[in-house]
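> Residue numbers (this note's numbering): 1085 to 1487. We put the CB at the ideal spot given by N, CA and C, even for glycine. Because the structure is a prediction, the values reported are computed rather than measured.
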Amino acid sequence: MDLDKIRADFPILSREVYGKPLVYLDNGATSQKPRVVVDAMSDEYFTVNANVHRGVHYLSQQATELHEGAREIVRRHINAASVGEVIFTRGTTESINLVASCFGEAFLKEGDEVIVSEMEHHSNIVPWQLLEQRKGIVLRVVPITNEGELCMDEYRKIFNNKTKLVSLAHVSNVLGTINPVREIIEIAHSHDVPVLLDGAQAIPHKAVDVQALDVDFYVFSAHKAYGPTGVGVLYGKEKWLDKMPPYQGGGEMIQSVSFEKTVFNELPFKFEAGTPDYVGTTGLAKALEYIDSIGLDKIAAHELELTHYAMARLSEIEGMRLIGTAKEKTSVVSFLVGNIHHFDMGTLLDRLGIAVRTGHHCAQPLMIRLGIEGTVRASFALYNTKEEVDILINGINRVCSMF
Ligand code: PMP
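Okay, structure coming up:
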């Protein structure tokens, strides 16, 4: 990978903060955007902009072609069987809420169980808790090991005849753990239980083939994969989506409306009420094309090397506590040093131009499990370099010397 060339695609990477070159290591929160993504979006606003689907006029048809073309690019990227299985949402959070609401409505009743794990992001916990309140379902939680891996033996044992859905992270946003998703799905399917994977932290780092995985639902956000904010994807198998009621009502999601009877639209439009973010979907498509132009194999290898290098260099620091030491992990390193509060570490690193995230990372149950309040998290993207890891290490050493 030509990192100089790649970095030149991301204008923000050449800016300074506090007079220091920016070292952006907060990619788990959101990635930076290459010029091709933003250019495609501003071009669309300046030269094509018109509402999609309903227009007879030229611009509307062109905007529709871009929007539906973007859906086809997403379909190809994740190898969905059809574009009807690719639903545009506002992001991972909305995608999970959609499944909780609509799968919940169609298939879950009081006493039914949904399996999550101790390492989930709040967006894969709270929607199910809302369903606990609404429908009396029961949330079952798979524990993790001290290294931050799922306890697969416990996972195997948790199934019973009330289990109706498994909903787990593909990659943890705090620990970087890559969960054994093939095995997870095989086990669930052997009990006839469908699986939702939260791919928010996987999609920028790993090739995902939803058909090869045989996953039932796969969700992700564009903004963590070099695309714009406010757009995401819910992939769902047609056999589930067909039987699920719509999420929201409005324009686009109907075939016909009268006060006597409304007929819903076909997939995927049944789940897409209202004007979609058709410019955002163009940005998402460009981002995926950008990733593909470099190659996910190369990206994954580069990020794995950065992760291993960072873990090795971090562990040389006195008082270092690495949080998340799973054998299979990528792109995220979480840590605490001595008695230094994570917030102080993050604030002082910021003054050195290094952007990291501190706190509970929207995974408070995981913090409770680990007996901590928060961590410092550095998370990598395809444009990060070993030199930036060195700057981080020097920064941490400098902060340590102040305490
Ligand atoms: N799941 C995971 C694992 C995440 O890392 C995030 C974002 N931090 C989300 C879900 C939520 O994504 P979004 O805020 O884009 O909806």
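Using a Cβ-Cβ cutoff of less than 8 Å, which residues in the same chain neighbour E1322 once the five nearest sequence positions on both sides are dropped?
Counting only Cβ-Cβ distances below 8 Å, and skipping sequence neighbours, we find A1165, S1166, G1168, E1169 and L1351.
> Can you find the residues in the same chain that come closer than 6 Å, C-beta to C-beta, to V1279, ignoring five residues on each side of it along the sequence?
If we look at V1279 and ignore the five residues flanking it on each side, its Cβ neighbours are V1250, I1269, A1272, V1299 and D1300.
> Give the DSSP bridge partners of Y1108, in chain order.
Its beta-bridge partners are A1439.
> Can you list the alpha helix (DSSP H) stretches of 4 or more residues lying completely in the region 1251 to 1333, in chain order?
As far as the region 1251 to 1333 is concerned, its whole alpha helix (DSSP H) runs of at least 4 residues are 1265 to 1274, 1294 to 1297 and 1322 to 1325.
> Write down the C-beta distance between I1438 and L1420 rounded to the nearest angstrom, noting that I regard them as a contact closer than 8 Å.
Not quite, the Cβ-Cβ distance comes to about 16 Å (not below 8 Å), so this is no contact.
> Mind reading off the beta-carbon distance from K1212 to V1225? Whole number of angstroms is fine, and I expect it under 8 Å.
First, the amino acid is wrong: residue 1212 is Trp here, not Lys. Rounded, the Cβ-Cβ distance is 10 Å, inconsistent with contact.
> Does ligand 1 have even one heavy atom less than 7 Å from the beta-carbon of Q1285?
Indeed, a heavy atom of ligand 1 lies less than 7 Å from the Cβ.
> What do you get for P1095, buried or exposed, if any count of 16 or more other CB atoms within 10 angstroms of its CB means buried?
Exposed, since its Cβ has fewer than 16 Cβ neighbours within 10 Å.
> If you run the structure through DSSP and keep just helix, strand and coil, what is T1177?
Looking at T1177 - three-state DSSP - the assignment turns out to be helix.
> So is the beta-carbon of D1282 under 7 Å away from any non-hydrogen atom of ligand 1?
D1282: yes, Cβ under 7 Å from ligand 1.
> Terminal residues of the continuous alpha helix (DSSP H) containing S1201?
Where S1201 is concerned, there is no enclosing alpha helix (DSSP H), although the beta strand (DSSP E) it sits in stretches over E1197 to S1201.
> Is K1333 near ligand 1, going by C-beta to nearest heavy atom under 7 Å?
The amino acid at residue 1333 is misidentified as Lys; the sequence shows Gly. No, since every heavy atom of ligand 1 falls outside the 7 Å radius drawn around the Cβ of G1333.
> Grouping DSSP H, G and I as helix and E and B as strand, with all else coil, what is M1085?
It is coil, neither helix nor strand.
> If we define contact as Cβ-Cβ less than 8 Å, is P1288 a contact residue for chain D?
Protein chain content of the structure displayed is limited to a single chain, and chain D is not contained in it.
> Give a single yes or no on whether A1113 has its beta carbon closer than 7 Å to a heavy atom of ligand 1.
A1113: yes, Cβ under 7 Å from ligand 1.
> Heavy atom of ligand 1 less than 7 Å from the Cβ of G1408, yes or no?
No, ligand 1 has no heavy atom inside 7 Å of this Cβ.
> Please report the Cβ distance between V1440 and V1416, rounded to the nearest whole angstrom; I am assuming they are in contact, meaning their Cβ atoms lie under 8 Å.
Wrong, their Cβ atoms sit about 11 Å apart, outside the cutoff.
> Taking C-beta to C-beta, are L1318 and S1179 nearer than 8 Å?
Result yes, Cβ atoms of L1318 and S1179 sit closer than 8 Å.
> Is P1329 buried or exposed, if buried means 16 or more other CB atoms sit within 10 Å of its CB?
With fewer than 16 other Cβ atoms within 10 Å, it is exposed.
> Compare the C-alpha of D1258 against each of K1413, Y1467, T1431 and L1097 and name the closest.
At residue 1258 the sequence reads Val, which differs from the Asp that was named. If we check each option's Cα against that of V1258, K1413 comes out closest.
> If you run the structure through DSSP and keep just helix, strand and coil, what is Q1213?
Note: Q1213 maps to helix in three-state DSSP.
> If you measure from the CB of G1188, is any heavy atom of ligand 1 nearer than 7 Å?
No - ligand 1 has no heavy atom lying nearer than 7 Å to the Cβ of G1188.
> Count the other CB atoms within 10 Å of the CB of L1297; is the residue buried (16 or more) or exposed (fewer)?
The residue is buried, with at least 16 neighbouring Cβ atoms inside 10 Å.
> Looking at A1154: is its Cβ nearer than 8 Å to the Cβ of N1133?
No, these two residues do not count as a Cβ contact at 8 Å.
> Please identify the residue among Y1362, L1450 and A1462 whose C-alpha is closest to the C-alpha of H1392.
Among Y1362, L1450 and A1462, the Cα nearest to that of H1392 is on A1462.
> Using only the heavy atoms of ligand 1, determine whether one of them is closer than 7 Å to the beta carbon of A1253.
Because some heavy atom of ligand 1 lies under 7 Å away, the Cβ of A1253 counts as near it: yes.
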